[in-house]
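Using the UniProt record's numbering, the first residue of the sequence shown is number 1, and each one after it goes up by one. We put the CB at the ideal spot given by N, CA and C, even for glycine.
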Amino acid sequence: MKRLEVLGLNEKKVENIVNELSVLLADLQVFYSNLRGFHWNVKGHGFFVMHSKYEELYNDAAEKVDEVAERILQLGSNPESRFSAYLQSAEIKEAGVVSCSKEAVDLLLGYYKTLIARERRIIEVASDAHDDTTVSLVSDFLKEQEKTVWMLVAVSSQNCAE
Numbered sequence: 001m002k003r004l005e006v007l008g009l010n011e012k013k014v015e016n017i018v019n020e021l022s023v024l025l026a027d028l029q030v031f032y033s034n035l036r037g038f039h040w041n042v043k044g045h046g047f048f049v050m051h052s053k054y055e056e057l058y059n060d061a062a063e064k065v066d067e068v069a070e071r072i073l074q075l076g077s078n079p080e081s082r083f084s085a086y087l088q089s090a091e092i093k094e095a096g097v098v099s100c101s102k103e104a105v106d107l108l109l110g111y112y113k114t115l116i117a118r119e120r121r122i123i124e125v126a127s128d129a130h131d132d133t134t135v136s137l138v139s140d141f142l143k144e145q146e147k148t149v150w151m152l153v154a155v156s157s158q159n160c161a162e
């Protein structure tokens with residue numbers, strides 16, 4: 001008996017979910033890499049707080065990467081593991097060296113906008129397929145991210161030191 005048959009999921013609809021999850025995986029991988037760069041390179045006012053926050057965020061992103069990859073496997077597909085492929089399919093782009101905290105926070109808010117939009121699409125596609133597990137997984141991501149966005153907006157009024 002096929003895995004999707006046991007799960008009660010339609011193969012064609014699952015293909016759409018996997019496609020969306022694959023882009024989310026790519027975005028999360030680039031997001032993770034950018035967060036590492038922010039952690040290493042941001043300087044100035046609020047350094048201690050933001051240095052720790054970036055570490056917290058990249059650890060969280062790493063967990064999400066693993067959860068998304070495992071969900072793709074559970075749905076009978078193989079997750080991409082090549083960074084070159086992530087860069088081709090991700091909507092989030094590499095940031096390069098960012099040393100200004102305000103610039104990093106502004107970039108983060110843009111990344112979250114991209115992630116949240118993708119996750120809402122995944123919820124729609126997964127809901128249509130009656131894939132409650134994917135809906136639950138991604139809904140949990142949204143809950144955390146919306147709180148993080150609230151906090152980042154609260155600190156985004158800081159200006160860069162010359």
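* Asked: Between residue 80 and residue 93, what straight-line distance do the alpha-carbon atoms span, to the nearest angstrom?
  -> Along the sequence shown, read from residue 1 onward, the residue named residue 80 stands at position 80. Along the sequence shown, read from residue 1 onward, the residue named residue 93 stands at position 93. Spanning the two alpha carbons is a distance of roughly 17 angstroms.
* Asked: Can you round the beta-carbon distance between residue 134 and residue 122 to whole angstroms, since I take them to be within the 8 angstroms contact cut?
  -> Taking the first residue of the sequence shown as position 1, residue 134 is located at position 134. Taking the first residue of the sequence shown as position 1, residue 122 is located at position 122. Yes, they are in contact, since the Cβ atoms of residue 134 and residue 122 sit about 7 angstroms apart, within 8 angstroms.
* Asked: So, are the CB atoms of residue 137 and residue 67 less than 8 angstroms apart?
  -> Locating residue 137 in the sequence shown gives position 137, counting from the first residue. Locating residue 67 in the sequence shown gives position 67, counting from the first residue. For residue 137 and residue 67, yes; Cβs fall inside 8 angstroms.
* To do: Would you check if the distance between the CB atom of residue 101 and the CB atom of residue 46 is smaller than 8 angstroms?
  => By one-based count along the sequence shown, residue 101 stands at place 101. By one-based count along the sequence shown, residue 46 stands at place 46. Going by C-beta atoms, residue 101 is nearer than 8 angstroms to residue 46.
* Asked: From 156, 140 and 109, pick the residue whose C-alpha is nearest to that of residue 35; which is it?
  -> Taking the first residue of the sequence shown as position 1, residue 35 is located at position 35. Checking every option, the nearest Cα to that of residue 35 belongs to 109.
* To do: In angstroms with no decimal places, state the Cα-to-Cα distance between residue 162 and residue 103.
  => Taking the first residue of the sequence shown as position 1, residue 162 is located at position 162. Taking the first residue of the sequence shown as position 1, residue 103 is located at position 103. Low per-residue confidence applies at residue 162: pLDDT is 45, beneath 50, and the placement is therefore not dependable, though the value from the model is reported in the following sentence. If I take the Cα positions, the gap works out to 13 angstroms.
* **residue 125 versus residue 149 - alpha carbon distance** => By one-based count along the sequence shown, residue 125 stands at place 125. By one-based count along the sequence shown, residue 149 stands at place 149. The straight-line gap from Cα to Cα measures roughly 24 angstroms.
* State the start and end residues of the unbroken alpha helix (DSSP H) segment that holds residue 26. => Within the sequence shown, the letter at position 26 stands for residue 26. Its alpha helix (DSSP H) spans residues 11-41.
* residue 44 to residue 96, Cα distance in whole Å? -> Position 44 of the sequence shown holds residue 44. Position 96 of the sequence shown holds residue 96. So the alpha carbons of these two residues sit roughly 18 angstroms apart.
* Can you grab the Cα-Cα spacing for the pair residue 114 / residue 13, in whole Å? => As a first step, residue 114 is located in the sequence shown; it is residue number 114 there, counting from the start. As a first step, residue 13 is located in the sequence shown; it is residue number 13 there, counting from the start. The straight-line gap from Cα to Cα measures roughly 23 angstroms.
* Report yes if the C-beta distance between residue 130 and residue 9 is below 8 angstroms; otherwise report no. => Position 130 of the sequence shown, counted from the start, is the residue given in the question as residue 130. Position 9 of the sequence shown, counted from the start, is the residue given in the question as residue 9. Contact: yes.
* To do: To the nearest angstrom, report how far apart residue 128 and residue 75 are at their CA atoms.
  => Here residue 128 is taken as the residue at index 128 of the sequence shown, counted from 1. Here residue 75 is taken as the residue at index 75 of the sequence shown, counted from 1. About 15 angstroms.
* Asked: residue 21 to residue 90, Cα distance in whole Å?
  -> By one-based count along the sequence shown, residue 21 stands at place 21. By one-based count along the sequence shown, residue 90 stands at place 90. The alpha-carbon atoms of residue 21 and residue 90 are separated by roughly 11 angstroms.
* Asked: In whole angstroms, what separates the C-alpha of residue 142 from that of residue 4?
  -> Within the sequence shown, numbered from 1, the residue matching residue 142 stands at position 142. Within the sequence shown, numbered from 1, the residue matching residue 4 stands at position 4. Going by the C-alpha atoms only, they are around 26 angstroms apart.
* Asked: Closest by CA to residue 41, which one among 112, 153, 99 and 118?
  -> For this step, residue 41 is matched to residue 41 along the sequence shown. The candidate whose alpha carbon is nearest that of residue 41 is 99.
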